[in-house]
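Student: Okay, so the sequence shown: first residue is 0 according to numbering that gives the first Met the number 0, each after it adds one. I am attaching a structure below and will ask some questions about it afterwards.
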Amino acid sequence: MNYGLLDSGKDPMGTAIYDYFTKGRAGRLRVFSPQFDEDEIPVETLFREYDEMPELEKKALEMAQGRILDVGAGSGCHSLVLQDMGKDVEAIDISPLSVKVMEESGLKTRLANLFDPSFIGGYDTILMLMNGSGIIGSVKNMESFFTRMKELLNPGGSILMDSSDLKYLFEDEDGSMLIDIAADYYGEIEFSMQYKQIKGEHFKWLYIDYETLNFYASQFGFKAELVYNGEHYEYLAKLTMIV
Ligand code: SAH
């Protein structure tokens, strides 16, 4: 698990967010993966407003309560909605440029890595959205992730996290699977990004099916609930710390 922060010279997404915020437009934010074809993240979607958000995210925002931590907040789009709702929210990110944008938007924000032990908790809701499970990186990090969540949550607190089951990508037309069960979990995807000439480091981003998440949650002291199940294998889970 990585405890560090991003270097602004190697932060394609943060630079794209900063450009869009300061100039009202941005170039292409390109996404590369050895497992997929090249893709792009439309930068304006990182600034989505409440009306543009999918149902799953609206549901998470409605459920978030108490002292809320928005983890990997990006442009701060979810925190802004929560703040408008009158909720108590703090946003963290490892991108100095994203945090700068959030500060200028008037959010309570900190440049911090979720896994840095010097970052202190006391939260009732930890929000992790836009395949929020990605930050866990791989299944082998599940124990340290849940241990860390116990440090950050108040008793009875919960995590609201979205993800999706990538199984459909490996399914044959007849429904049979091409998954090598001896290999790593099929939702561990390696990515890198590029914006203009700025290239980011490679990182692992975890997509996890609900059953597997539920298994690890119960193993490490959390009760999982499936609160929203979408049509494209995406879902929202609530993981409540068992006290
Ligand atoms: N939640 C936002 C942005 C998602 S992109 C949205 O829905 O639009 C993921 C974000 O997580 C990026 O901004 C990235 O810098 C941040 N991030 C990645 N690892 C992190 C970590 N360990 N701690 C805090 N933020 C992290």
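Quick reminder that beta carbons are idealized off the backbone N, C-alpha and C, glycines included. Note that the structure is a prediction, hence the values are computed from the model and not measured.
Do you know how far the Cα of K195 is from the Cα of W204?
Tutor: Cα-Cα distance, rounded: 22 Å.
Student: By DSSP's criteria, E48 is part of a beta bridge. Which residues make up the other side?
Tutor: Per DSSP, none; premise fails for E48.
Student: Check for me: the beta strand (DSSP E) holding I16 runs from which residue to which?
Tutor: I16 -> not in any beta strand (DSSP E); alpha helix (DSSP H) instead, spanning P11 to K22.
Student: Check for me: the alpha helix (DSSP H) holding D259 runs from which residue to which?
Tutor: Outside the displayed span of the chain (0 to 242) sits residue 259, for which this structure offers no information.
Student: For A72, is the beta carbon positioned less than 7 Å from some heavy atom of ligand 3?
Tutor: In the structure on display, ligand 3 does not appear, and the ligands it does have are ligand 1.
Student: Would Y17 and K99 be called neighbours here (beta carbons separated by less than 8 Å)?
Tutor: Result yes, Cβ atoms of Y17 and K99 sit closer than 8 Å.
Student: Thinking C-beta only, is L159 closer than 8 Å to Y122?
Tutor: No, the pair does not count as a contact, with Cβ atoms beyond the cut-off.
Student: Are there 16 or more other CB atoms within 10 angstroms of the CB of F221, so buried, or fewer, so exposed?
Tutor: By the neighbour-count rule (16 or more Cβ atoms within 10 Å), F221 is buried.
Student: In the DSSP assignment, find the alpha helix (DSSP H) that holds E189 and state where it starts and stops.
Tutor: No alpha helix (DSSP H) contains E189, which is instead part of the beta strand (DSSP E) from E187 to Y194.
Student: Could you give the first and the last residue of the continuous beta strand (DSSP E) run that contains M160?
Tutor: Its beta strand (DSSP E) spans residues L152 to S163.
Student: Excluding the five sequence neighbours on either side, which residues of its own chain have a C-beta within less than 6 Å of the C-beta of E150, listed in chain order?
Tutor: Cβ within range, chain order: G120.
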